[in-house]
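Colleague: Residues 151 to 550 in the numbering used here are what the sequence shown lists, from first letter to last.
We put the beta carbon where it would ideally sit given N, CA and C, even for glycine.
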Amino acid sequence: MSKVLQIENLGKSYQIGEYGGIGVQNQNENIDALQNVSFEVNRGEVVGIIGKNGAGKSTLLKLLSQITMPTAGIIRAKGKIASLLEVGTGMHPDLTGRENVFLNGAILGMSKAEIKSKFDEIVRFSGCEAFIDTPIKRYSSGMKVRLGFSVAAFLDSEIIIIDEVLAVGDAEFQSKAIQKILEITADGAKTILFVSHNMASVKSLCNRCLLLEKGKLIYDGDIDKAISRYMGYDTQMSDRNKVWITGSAPGNADYKLRAARIVAKGKTFEEPLSTSDSIAIEVEIESVQKAERLDITFQLMSEAGDFLAATSTFQISDSELKANKEGNMTLFSCLIPANIFNQSTYRINCLLLENRKTVVHRFDDLFKLGFTAAGRNPESWMGQAKSHFLPHLNWNITVK
Numbered sequence: 151m152s153k154v155l156q157i158e159n160l161g162k163s164y165q166i167g168e169y170g171g172i173g174v175q176n177q178n179e180n181i182d183a184l185q186n187v188s189f190e191v192n193r194g195e196v197v198g199i200i201g202k203n204g205a206g207k208s209t210l211l212k213l214l215s216q217i218t219m220p221t222a223g224i225i226r227a228k229g230k231i232a233s234l235l236e237v238g239t240g241m242h243p244d245l246t247g248r249e250n251v252f253l254n255g256a257i258l259g260m261s262k263a264e265i266k267s268k269f270d271e272i273v274r275f276s277g278c279e280a281f282i283d284t285p286i287k288r289y290s291s292g293m294k295v296r297l298g299f300s301v302a303a304f305l306d307s308e309i310i311i312i313d314e315v316l317a318v319g320d321a322e323f324q325s326k327a328i329q330k331i332l333e334i335t336a337d338g339a340k341t342i343l344f345v346s347h348n349m350a351s352v353k354s355l356c357n358r359c360l361l362l363e364k365g366k367l368i369y370d371g372d373i374d375k376a377i378s379r380y381m382g383y384d385t386q387m388s389d390r391n392k393v394w395i396t397g398s399a400p401g402n403a404d405y406k407l408r409a410a411r412i413v414a415k416g417k418t419f420e421e422p423l424s425t426s427d428s429i430a431i432e433v434e435i436e437s438v439q440k441a442e443r444l445d446i447t448f449q450l451m452s453e454a455g456d457f458l459a460a461t462s463t464f465q466i467s468d469s470e471l472k473a474n475k476e477g478n479m480t481l482f483s484c485l486i487p488a489n490i491f492n493q494s495t496y497r498i499n500c501l502l503l504e505n506r507k508t509v510v511h512r513f514d515d516l517f518k519l520g521f522t523a524a525g526r527n528p529e530s531w532m533g534q535a536k537s538h539f540l541p542h543l544n545w546n547i548t549v550k
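Below you can see the structure in the form of structure tokens.
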């Protein structure tokens, strides 16, 4: 395979601090957004780039797209690069959608005739036909993303760079975009660099993964191993034991959340969770207002914010919840058996309800959980394991 990208010792520093006037001493310091990053990309590869916020992912893509210049290092690229970064990047807000399509094609070195031959496909795929002669500044964020992706996918570019911006689009277009990426990379003619916090998308699209941490490239290789390391490094995911004192406890005047925990049998709070772990989600609620009945609902969300499932104390009888009325501190614990979750990332919301009808408070993103795979790779026995859940169910086999 021929190399289309060569990155050698790439670095980017930003100066922060205050710029004073005459006679005022400046206090400036440099922050290294990227440090000594080196890797190569072959033609036809789809490379995922992952890492928590602030790891340097977007900075790397901006350098590769020549939006900003590196402080150190070398970038060698063979072929035209199309970038889909922040919403609206590469589009002039005062120009219409039609004019922006031709502008982007011209920037890529295409003739007007070449752009015109692909124009109808671009507009049809984006779903922006009715607004194609409207200035981009009047487009919604989703419309800008749809048109921007369509331009990048259909015009004559050898390298396509895509940031998390696709998360802005609706679910139907996200699915279309993923299918289009698979289609345009099937023959190995196009190379894609794809940044996302959605591990399911990374697994479905990419054949290689880079993991960034604090501006450094700490892993380059197998996708599953990269995701496992990412989940282990993500401090947001390892914070499974939260305790608040009275004055700082979240909540309202009537109810305070004093503690929230994810307990995995035989593991410390710092150890990564595995799909084979049984876990308990625990919350301690301090009640100032004594309700006839206080219920808890846990909502399970995907990393992208899609609702997946919910469970609640609604199924418990009034007599079982009697302890809630007698004391001012109540521990709620929800047990989830092993082998339910897939290797993925989840968010948990917590809702407090009075008397089975009124939501009195909600704690969004109470936890962010990442699960690593346990045992045999499911792709070896079910083709592609892209679902949010991968339960081990009981089977009966009878030979007749």
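Which stretch, first to last residue, makes up the beta strand (DSSP E) that contains A280?
Modeller: From DSSP, A280 is part of no beta strand (DSSP E); its letter is neither H nor E.
Colleague: Could you tell me which whole alpha helix (DSSP H) segments of length 4 or greater appear in the stretch 198-225?
Modeller: 207-214
Colleague: Checking 8 Å against the spacing of the C-beta atoms, do R506 and D445 come in under that value?
Modeller: yes
Colleague: Could you give the first and the last residue of the continuous alpha helix (DSSP H) run that contains G247?
Modeller: 247-257
Colleague: Going by other Cβ atoms of all chains shown within 10 Å of its Cβ, with 16 needed for buried, is Y380 buried or exposed?
Modeller: buried
Colleague: Quick one, are the C-beta atoms of F281 and F304 less than 8 Å apart?
Modeller: no
Colleague: Roughly how far, in whole angstroms, is the beta-carbon of I311 from the beta-carbon of I231, given that I think they are within contact range, below 8 Å?
Modeller: 6 Å
Colleague: Pull up the distance between the alpha-carbon of V393 and that of Y496, whole angstroms please.
Modeller: V393 and Y496: Cα-Cα distance of roughly 21 Å.
Colleague: Would you kindly check if the distance between the Cβ of N180 and the Cβ of S152 is under 8 Å?
Modeller: no
Colleague: Counting beta carbon pairs with one atom in the stretch 194-206 and one in the stretch 240-258, are three or more of them shorter than 8 Å?
Modeller: Contact between the stretch 240-258 and the stretch 194-206 is absent: fewer than three C-beta pairs spanning the two stretches fall below 8 Å.
Colleague: Can you name the start and end residues of the beta strand (DSSP E) that M479 belongs to?
Modeller: 479-486
Colleague: Throw me the rounded Cβ distance for the L245 and P285 pair, which I believe falls under 8 Å.
Modeller: 7 Å
Colleague: Let me check understanding here. Comparing Cα to Cα, which of E442, E432, S426 lies closest to I498?
Modeller: E432
Colleague: Once the 5 residues before and after S428 are set aside, which same chain residues still bring their CB inside 8 Å of it?
Modeller: Excluding positions up to five away in sequence, the list reads A414, K415, L485, I486, P487, A488.
Colleague: Using three-state DSSP, classify F145 as helix, strand or coil.
Modeller: For residue 145 there is no data in the structure shown, the boundaries of the chain being 151 and 550.
Colleague: What does DSSP give as the partner residue(s) for H511 in the beta ladder?
Modeller: L502, per the DSSP bridge assignment.
Colleague: From the DSSP output, which residues share a beta bridge with A410?
Modeller: K392, V433
Colleague: Using the DSSP secondary-structure output, state which residues sit across from F189 in a beta bridge.
Modeller: I157
Colleague: Give the range of the alpha helix (DSSP H) segment to which S354 is assigned.
Modeller: 349-355
Colleague: Roughly how many whole angstroms lie between the Cα atoms of A227 and S354?
Modeller: 26 Å
Colleague: Taking all protein chains shown into account, do 16 or more other C-beta atoms lie within 10 angstroms of the C-beta of P541, making it buried, or fewer, making it exposed?
Modeller: exposed
Colleague: To the nearest angstrom, how far is it from the Cα of S452 to the Cα of D306?
Modeller: Rounded to the nearest angstrom, the two C-alpha atoms are 35 Å apart.
Colleague: What is the DSSP secondary structure of D370, reduced to helix, strand or coil?
Modeller: Strand at D370.
Colleague: Compute the minimum distance between the beta carbon of E190 and the heavy atoms of the ligand MN, and state whether it is under 7 Å.
Modeller: Ligands in the displayed structure: none, and consequently the ligand MN is not present.
Colleague: Could you spell out the range, first to last residue, of the beta strand (DSSP E) harbouring R358?
Modeller: 358-363
Colleague: Is it right to say F419 is buried, meaning 16 or more other beta carbons lie within 10 angstroms of its own, or is it exposed?
Modeller: exposed
Colleague: My output table needs one value for L332: the three-state DSSP class, helix, strand or coil.
Modeller: helix
Colleague: Kindly give me the distance between the Cβ atoms of L211 and S233, rounded to whole angstroms, as I take these residues to be in contact under 8 Å.
Modeller: 7 Å
Colleague: Just to confirm, are F240 and G365 a CB contact at a threshold of 8 Å?
Modeller: Correcting the residue identity first, residue 240 is Gly in this sequence and not Phe. Their beta carbons are not under 8 Å apart, which means G240 does not touch G365 by this criterion.
Colleague: Three-state secondary structure (DSSP) at S261?
Modeller: coil
Colleague: Based on Cα-Cα distance, which residue from K202, L332, K287, V509 lies nearest to S346?
Modeller: K202
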